[in-house]
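Student: Could you have a look at this structure, given as structure tokens, before my questions?
In my numbering, the protein residues as written are 70 to 241.
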């Protein structure tokens, strides 16, 4: 019964996430126009190249070790978070140097830097979400994932209403 319940929560939350993401893309594409949305997509794609270094498999490791119960969860999560802090510093330095070298416009660089901060915060929250999944708390995982997307949609609506453009839009 627990497996069916967890599966249902995940399916519903992932479907809701996809629908909300679609709405956000449609809203932003219409609001920013071709050039603005192209800059937005460039920033997301550029920072996403560094995500693999930032995670380095630590979320999967956290899920496996917490589920196995072979480690003290608090000390293990502490070590993972310290590792992520180190990796985060490396990634931020790499992004700053790369963006400054590759992109001459201040708007693109500022957008990249703001999105980098967002990705760092999400990386740490994903570590805790991995621990929740390991404890088979898919109901909380689904609520967190869907709640995050709803907040993102609300922030997007607010930015459009207040007429915020890039790079400030990346705060959302």
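For each residue, glycine too, the CB sits at the ideal point set by N, CA and C.
It should be emphasised that the depicted structure is a prediction, and the values quoted were computed from it without experimental measurement.
Quick check: the Cα distance between residue 215 and residue 110, rounded to an integer number of angstroms?
Tutor: Cα to Cα, the separation comes out at about 22 Å.
Student: Is the beta carbon of residue 157 less than 8 Å from the beta carbon of residue 101?
Tutor: No, Cβ-Cβ distance for residue 157 and residue 101 is not below 8 Å.
Student: Does the separation of the CB atoms of residue 127 and residue 185 fall below 8 Å?
Tutor: In this structure, residue 185 does not lie closer than 8 Å to residue 127 by Cβ.
Student: Within the same chain, show all residues whose beta-carbon is closer than 6 Å to that of residue 199, passing over the 5 residues directly before and after it, in chain order.
Tutor: Excluding positions up to five away in sequence, the list reads 128, 131, 132.
Student: Cutting at 7 Å between CB atoms, please list the residues of its own chain near residue 164, excluding the five before and the five after it.
Tutor: Around residue 164: 116, 119, 181, 185.
Student: Run the CB neighbour count on residue 236, radius 10 Å, all protein chains shown included, and call it buried at 16 or more, exposed below.
Tutor: So residue 236 counts as buried.
Student: Relative to the alpha-carbon of residue 241, which residue among 222, 230, 232 has its alpha-carbon at the smallest distance?
Tutor: The candidate whose alpha carbon is nearest that of residue 241 is 222.
Student: Kindly provide the ranges of any alpha helix (DSSP H) runs that are 4 or more residues long and lie completely inside the segment 159-193, ordered along the chain.
Tutor: List check, alpha helix (DSSP H) in window: nothing returned.
Student: List the endpoints of the continuous alpha helix (DSSP H) containing residue 123.
Tutor: Segment 120-124, the alpha helix (DSSP H) holding residue 123.
Student: Measuring only the C-alpha atoms, how far is residue 96 from residue 88?
Tutor: Going from the Cα of residue 96 to the Cα of residue 88 covers about 12 Å.
Student: Terminal residues of the continuous alpha helix (DSSP H) containing residue 218?
Tutor: Note, residue 218: alpha helix (DSSP H), 207-231.
Student: Out of curiosity, what's the CA-to-CA distance linking residue 80 and residue 205?
Tutor: Using only the alpha carbons, I get a separation of about 15 Å.
Student: CB-CB under 7 Å to residue 125, same chain, minus the five flanking residues each way: which ones, in chain order?
Tutor: Within the same chain, residue 125 has close Cβ partners 156.
Student: Under three-state DSSP, which class holds residue 97?
Tutor: Three-state result, residue 97: helix.
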